[in-house]
Each structure stands twice: as structure tokens, then as C-alpha cells.
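Written out below as C-alpha cells is the structure these notes cover.
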Amino acid sequence: MPLIDTVKQRIEDARERRPLLDHLVRTVQHFGDVNGSALAAAVTYFAFLSFFPIIALAFAVVGFVSGAYPNAERDLETAIGDVLPGIIGDGDGELSLDSLQSSASGIATIGLLVALYSGLGWLSGMRTALIAVFEEPEKEQPSFFLGKLRDIIALLTLGTVLLLSVAISGVATKLATPILEFLGLGLGVEPLVWVLGLALGLAASTVLFFAFFRVLAAPNVPPRALWSGALLGALAFEVLKQLSTYLLASTKDAPAAQAFGIALILVVWMNYFSRVVVLAAAWAHTSPAAREQREADAWRAGDVEGPQIDLQQAVRHSPALGAPEPSQRPVGAFAAGAATMLALVAVVRRRK
38 MPLIDTVKQR
48 IEDARERRPL
58 LDHLVRTVQH
68 FGDVNGSALA
78 AAVTYFAFLS
88 FFPIIALAFA
98 VVGFVSGAYP
108 NAERDLETAI
118 GDVLPGIIGD
128 GDGELSLDSL
138 QSSASGIATI
148 GLLVALYSGL
158 GWLSGMRTAL
168 IAVFEEPEKE
178 QPSFFLGKLR
188 DIIALLTLGT
198 VLLLSVAISG
208 VATKLATPIL
218 EFLGLGLGVE
228 PLVWVLGLAL
238 GLAASTVLFF
248 AFFRVLAAPN
258 VPPRALWSGA
268 LLGALAFEVL
278 KQLSTYLLAS
288 TKDAPAAQAF
298 GIALILVVWM
308 NYFSRVVVLA
318 AAWAHTSPAA
328 REQREADAWR
338 AGDVEGPQID
348 LQQAVRHSPA
358 LGAPEPSQRP
368 VGAFAAGAAT
378 MLALVAVVRR
388 RK
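Heads up, the sequence shown is in the working numbering, so the first residue is 38 and it goes up one at a time.
Spelled out as C-alpha cells, the structure:
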């Protein structure tokens with residue numbers, strides 16, 4: 038057996054023994070089948086064009102609700118810093134939150150509509166990518182205004198989920214220190230608070246990814262499959278944030294970064310994030326629960342193929358209707374031939 042066939046056979050055997058490995062292979066294969074890299078690139082393009090309008094719109098909305106939610110601006114800054122670590126700040130080559138916030142003050146009624154329309158391009162691109170990954174059938178598209186209204190509701194939902202997760206995580210982290218000291222764990226409070234903050238950040242990212250899948254694509258996938266994909270996306274996103282310092286540092290030293298500055302760094306980060314979202318969706322789509330549901334749906338819809346039977350031919354050759362069976366046909370032909378031969382012999386004898 039050639040070496041390649043041997044390796045393939047061993048991989049197949051390992052996949053049968055280890056379901057997690059089989060799931061991973063299916064995810065990578067599906068990511069390639071739907072051209073996940075191209076989908077992530079398309080989302081990156083729309084995300085970059087929508088970035089500044091969305092940020093300006095977010096600060097404008099926070100300014101409107103600051104009376105009822107005094108800490109909204111601080112939580113928004115924290116959320117932006119969590120999603121874009123190393124990009125937002127006051128250092129060299131970083132985007133200043135003050136400049137972004139000042140651009141929001143000039144948004145009036147018409148400016149708000151323009152910023153809103155410009156910012157929805159990323160949402161539409163992300164929805165298209167997720168629908169392709171989940172292989173959802175193309176649904177009838179709503180009218181222009183209904184489609185934009187749907188995108189606005191989705192944007193508000195995702196923004197609310199992000200702000201609430203950041204707020205809950207911040208409150209829990211602040212309360213962790215006095216609670217741990219009260220329990221007598223004050224000596225090792227710093228590592229425990231760090232672990233708690235990491236766990237809360239992971240939980241918040243998981244909820245955010247689940248909201249991405251459910252709100253944008255609404256796939257026909259069991260909730261546990263979506264949660265597993267959301268958890269994988271959150272894990273990859275947390276790892277990406279921890280590595281962001283090294284990734285962005287290497288990008289800043291590149292010659293292209295010297296020419297394009299923060300724009301190139303934004304594009305690189307958005308592409309990484311888009312790949313994580315698409316890969317997490319592929320993981321959810323190829324999970325055992327999702328595959329079982331698709332097989333069950335196909336069975337109920339009658340799409341499962343079985344042996345094809347020609348009913349007309351079966352009736353025509355049915356022994357119950359008097360048709361001779363295949364095994365009886367040679368015997369009948371032999372008897373007819375023998376009778377014909379005897380008749381010819383009798384005729385010849387009479388002539389003699």
C-alpha cells in the first residue's frame with residue numbers, strides 16, 4: 038500500500054476512535070468547502086468601511102442614554118478596548134478615543150441616518166457570510182426599508198449584548214476582591230481576580246458569538262451546537278486578544294504599516310476576527326447534534342435515497358398475474374420446439 042494511502046487510512050481510523058478529531062477535520066473541510074477565507078475577506082472589507090460610522094454612532098447613542106445609564110460611556114470605552122486591544126489608546130500609532138468621541142458630537146438627525154446607513158454594511162456582510170457557512174436556503178429578501186430596519190434591530194441587539202456583558206464583567210470583577218478577602222483568600226487575591234476576569238470575559242464573548250449566530254443567520258441548528266461554536270469562537274478570540282500585543286507589534290514594524298499606519302493594523306485585526314467568526318460557525322454547523330438534525334430533517338422530507346424500483350416492470354413480470362417466471366421460459370420454448378418437430382415428422386410420413 039502506498040504511503041499516502043496508509044496515512045489516509047490511519048487518519049480515518051483515528052477519526053473513528055476520537056470524535057473530537059473527526060469534528061475538527063469536518064470543520065476544516067467545511068471551512069474550505071464554503072471558501073471561508075474569501076468570506077472573511079469580504080466581511081473585513083465591509084467592517085473597515087463601517088468602522089468609523091459605527092463608532093461615531095455608538096458614542097452618539099451613548100450620549101443620548103447617558104442620563105438613564107451614567108456608566109454607558111465608560112462601558113463603551115471598555116468594550117471597544119476589549120474588541121480592539123492595542124488599537125485604541127493614547128500611544129503612538131493608536132486611535133484616540135477622544136477624537137472618535139468628538140466626531141460623534143457633530144451627528145445630528147441627517148448625520149445620524151447617514152452614519153447608520155454606512156455602518157450597516159458590515160452587518161449585512163457578516164449575515165451573508167454566516168448564511169453561507171450554515172448553508173441556509175436563500176429566503177425572500179425584504180424590501181429596502183424593512184431590510185434596513187431588520188439590520189438596525191440586529192445592530193442594537195448586538196450592541197446591547199456587548200455593553201451588558203462588559204458591565205456585568207466589570208461589576209463582578211470589582212466585587213471579587215472584597216468577597217475573596219472576606220472569605221480569607223486575600224493573600225492570593227490577584228491571581229484569582231485575574232482568573233475570574235478571564236472567565237467572565239470568556240463568558241461574555243461566548244454570549245456575543247451566540248448572539249451573532251442567532252440574530253444574524255438564525256440557522257436551523259440545535260442550540261447546544263450553536264453554544265459549542267460560540268464557546269470555540271470565544272476561546273479563539275480570547276487567545277487572539279492575548280496574542281494581540283505580539284501580532285500588532287509585528288505588523289507595526291512592517292514597511293506597509295509605515296505607509297498606511299493604523300488603517301493596515303485595523304484591517305489585519307478585523308480579518309483575524311472575521312476568520313474566528315467563520316471558523317466558529319463552521320464548528321457549530323459540523324457538530325454531531327447539527328448533523329443528526331439535518332439527517333432527521335432530510336428523512337422527514339423524503340430526501341433519503343433508497344433502491345430504485347420500476348413499478349411498471351415489476352407488475353409486467355409478476356408471476357401472480359400469469360406472466361412466466363424467468364426460470365420457466367426456457368422450458369416453454371423447448372416444449373414448443375419439440376411439438377413443432379413432431380408435427381413435421383408426421384407430415385413427412387403421410388406423404389411417403
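Positions of the beta carbon are idealized from the N, C-alpha and C atoms, including for glycine.
Just the C-alpha distance for residue i and residue j, rounded to the nearest angstrom, thanks.
{"i": "S311", "j": "T194", "result": "19 Å"}
{"i": "A326", "j": "A262", "result": "6 Å"}
{"i": "V44", "j": "A75", "result": "30 Å"}
{"i": "G156", "j": "F88", "result": "7 Å"}
{"i": "A236", "j": "E275", "result": "10 Å"}
{"i": "I391", "j": "L233", "result": "Beyond the ends of the chain as shown, which are 38 and 389, falls residue 391; an answer cannot be given."}
{"i": "L253", "j": "I168", "result": "8 Å"}
{"i": "W159", "j": "F250", "result": "15 Å"}
{"i": "K185", "j": "E329", "result": "35 Å"}
{"i": "L40", "j": "D59", "result": "21 Å"}
{"i": "I189", "j": "H67", "result": "30 Å"}
{"i": "L239", "j": "I117", "result": "16 Å"}
{"i": "P228", "j": "W306", "result": "28 Å"}
{"i": "A271", "j": "V198", "result": "14 Å"}
{"i": "A321", "j": "F247", "result": "10 Å"}
{"i": "T115", "j": "Y82", "result": "25 Å"}
{"i": "A191", "j": "L57", "result": "33 Å"}
{"i": "K278", "j": "S202", "result": "17 Å"}
{"i": "I48", "j": "F181", "result": "49 Å"}
{"i": "L86", "j": "A97", "result": "18 Å"}
{"i": "V258", "j": "R111", "result": "36 Å"}
{"i": "I91", "j": "D70", "result": "32 Å"}
{"i": "L183", "j": "G196", "result": "20 Å"}
{"i": "A241", "j": "D42", "result": "44 Å"}
{"i": "A145", "j": "A93", "result": "A caution first: A145 carries a pLDDT of 49, below 50, which makes its placement in the model unreliable, though a value can still be read off. Cα to Cα, the separation comes out at about 11 Å."}
{"i": "V230", "j": "W264", "result": "25 Å"}
{"i": "A273", "j": "V304", "result": "18 Å"}
{"i": "R187", "j": "Q46", "result": "48 Å"}
For residue i and residue j, which I take to be in contact (beta-carbon distance under 8 Å), what is that distance rounded to the nearest angstrom?
{"i": "L113", "j": "A95", "result": "6 Å"}
{"i": "S162", "j": "A319", "result": "It is Gly, not Ser, that sits at residue 162 in the sequence shown. No, G162 and A319 are not in contact; Cβ-Cβ is about 17 Å, not under 8 Å."}
{"i": "A405", "j": "G266", "result": "With the chain covering only 38 through 389, there is no way to say anything about residue 405."}
{"i": "V170", "j": "V313", "result": "In fact, because the Cβ distance is near 12 Å, the residues do not count as touching under 8 Å."}
{"i": "T64", "j": "T323", "result": "5 Å"}
Would you call residue i buried or exposed, if buried means 16 or more other Cβ atoms sit within 10 Å of its Cβ?
{"i": "I302", "result": "buried"}
{"i": "D50", "result": "exposed"}
{"i": "L245", "result": "buried"}
{"i": "A335", "result": "exposed"}
{"i": "A300", "result": "exposed"}
{"i": "P338", "result": "Note that residue 338 is Ala in the sequence shown, not Pro. By the 10 Å Cβ count, A338 comes out exposed."}
Taking the alpha helix (DSSP H) that residue i falls in, what are its first and last residues?
{"i": "E275", "result": "260–279"}
{"i": "F249", "result": "Counting along the chain, F249 falls outside any alpha helix (DSSP H), and DSSP gives it neither H nor E."}
{"i": "G69", "result": "56–70"}
{"i": "E332", "result": "325–337"}
Just to confirm before moving on: does the CB-CB distance between residue i and residue j stay below 8 Å?
{"i": "R52", "j": "V62", "result": "yes"}
{"i": "T243", "j": "L280", "result": "no"}
{"i": "A77", "j": "N308", "result": "yes"}
{"i": "E173", "j": "P256", "result": "yes"}
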